[in-house]
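Pasting the structure below:
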């Protein structure tokens, strides 16, 4: 069974540009979560999608947005990039992603390393 | 804001030594997970504990969930260079939907 895949693996952009990152979850997984990882702030939750709907959202500005398609693939978009957006962006998929009585396991992809110059 | 503090932040030890990493919070978690992350890769789940006081063993790794479900520890016996990596704890919070709060991380280096 293929794992979570993320594309691209590396990306260099300049301030003010926008970027779209892609995540393909494990087959059969319907929940996709996005995280930002930086040396200073650690791993922080961006948002979670389930069945094409955003179900959970972290404390990030509106420049960060996402969507999920009917095949569960997800994209994350960051508009008007800032230097501080340089980070490793991780995607994680799980079967159900957190129904109230579930302790669903998250499987992470390798991440997309975004550098903003 | 829920926070998970890990200690120590950095640890450099010799092969064969034992070590313990701590994960502490003032919040009560429904579950606690430990991950290991290697450079250039995403975190890989090591274990999930869900019951207060629960102890789980995975070869040389022993995980414990605190009785009050606010803290956890990871103990490694006879560390090996292959144990080198970033160790992350993540607390599961159930508030409507399920959300994971990640710890600040412990970077472990085991020297041969």
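Chains as they are written, first to last, in the working numbering: chain A, 1 to 117; chain B, 1 to 112. The beta carbon of each residue, even a glycine, is placed where N, CA and C say it ideally should be.
Would you check if the distance between the CB atom of residue i and the CB atom of residue j is smaller than 9 Å?
i	j	result
residue 25(A)	residue 93(A)	yes
residue 116(A)	residue 88(A)	no
residue 85(B)	residue 38(B)	yes
residue 105(B)	residue 98(B)	no
residue 91(A)	residue 11(A)	no
residue 46(B)	residue 23(B)	no
residue 87(B)	residue 21(B)	yes
residue 125(A)	residue 50(A)	Past the boundaries of the shown model lies residue 125(A); chain A is included only from 1 to 117, so the question cannot be answered.
residue 42(B)	residue 4(A)	yes
residue 9(A)	residue 112(A)	yes
I'd like the span of the beta strand (DSSP E) that includes residue i, first residue to last.
i	result
residue 71(B)	71–76
residue 10(B)	10–14
residue 64(B)	61–65
residue 77(A)	74–78
residue 66(A)	64–68
residue 105(A)	Per DSSP, residue 105(A) belongs to no beta strand (DSSP E) and is neither H nor E.
residue 154(A)	Chain A is shown only over 1 to 117; residue 154(A) falls outside these bounds and no answer can be derived.
residue 37(A)	31–38
Just to confirm my understanding: we take residue i, look at its own chain, exclude 5 residues before and 5 after, and list those with CB closer than 8 Å. What are they?
i	result
residue 13(B)	19, 79, 108, 109, 110 and 111
residue 13(A)	19, 81, 114, 115, 116 and 117
residue 70(B)	24, 25, 26, 27, 28 and 29
residue 43(A)	35, 36, 37 and 90
Under the three-state reduction of DSSP, which class applies to residue i: helix, strand or coil?
i	result
residue 58(B)	strand
residue 84(B)	coil
residue 81(A)	coil
residue 28(B)	coil
residue 59(A)	coil
residue 9(A)	coil
residue 112(A)	strand
residue 5(B)	strand
residue 79(B)	coil
residue 24(A)	strand
residue 106(B)	strand
residue 99(B)	strand
residue 50(B)	coil
residue 93(A)	strand
residue 4(A)	coil
residue 151(B)	Absent from the model: residue 151(B). The displayed extent of chain B is 1 to 112, so no value can be given.
Short of 6 Å in beta carbon distance, which residues of its chain neighbour residue i, apart from the five on each side in sequence? Order them along the chain.
i	result
residue 100(A)	Caution applies to residue 100(A), whose pLDDT of 44 falls short of 50 and renders its modelled position unreliable; the model cannot decide the point.
residue 60(A)	46
residue 67(B)	52 and 53
residue 77(A)	20 and 65
residue 64(B)	55 and 73
residue 79(A)	18 and 63
residue 90(B)	33, 100 and 102
residue 72(A)	25 and 30
Going by beta carbon distance, what residues of the same chain come within less than 7 Å of residue i, once the five residues before and after it are set aside?
i	result
residue 76(B)	18, 19, 60, 61 and 83
residue 70(A)	52
residue 48(B)	31 and 33
residue 105(A)	94
Listed from N- to C-terminal order along the chain, which residues in the stretch 105–117 of chain A have their beta-carbon within a distance smaller than 9 Å of any beta-carbon of chain B?
Taking 9 Å as the Cβ-Cβ cut-off, the stretch 105–117 of chain A approaches chain B at 105, 106, 107, 108, 109, 110, 111 and 113, given in chain order.
To be precise: take each residue of the stretch 39–52 of chain A, compare its Cβ to all Cβ atoms of chain B, and keep it if any distance is under 7 Å. Which residues remain?
Flagged, chain order: 42, 43 and 45.
At a Cβ cut of 8 Å, what residues of the stretch 100–112 of chain B count as close to chain A, listed as they run along the chain?
For the stretch 100–112 of chain B, the set of positions with a beta-carbon nearer than 8 Å to some beta-carbon of chain A reads 100, 101, 102, 103, 104 and 105 in chain order.
Tell me which residues of the stretch 42–65 of chain B have at least one Cβ-Cβ distance to chain A shorter than 9 Å, keeping chain order.
Residues passing the 9 Å Cβ filter: 42, 43, 44, 45, 48 and 50.
The stretch 82–96 of chain A: positions lying closer than 7 Å to chain B by Cβ:
With the criterion set as a beta carbon lying under 7 Å from some beta carbon of chain B, the members of the stretch 82–96 of chain A are 90, in sequence order.
Select from the stretch 55–80 of chain A all residues with a C-beta closer than 9 Å to any C-beta belonging to chain B, and list them in chain order.
Of all residues in the stretch 55–80 of chain A, the ones placed with a Cβ closer than 9 Å to any Cβ belonging to chain B are 55, 56, 58 and 59, in chain order.
Contacting positions in the stretch 29–43 of chain B - beta carbon closer than 9 Å to chain A
Cβ contacts with chain A come from 30, 31, 33, 35, 37, 40, 41, 42 and 43.
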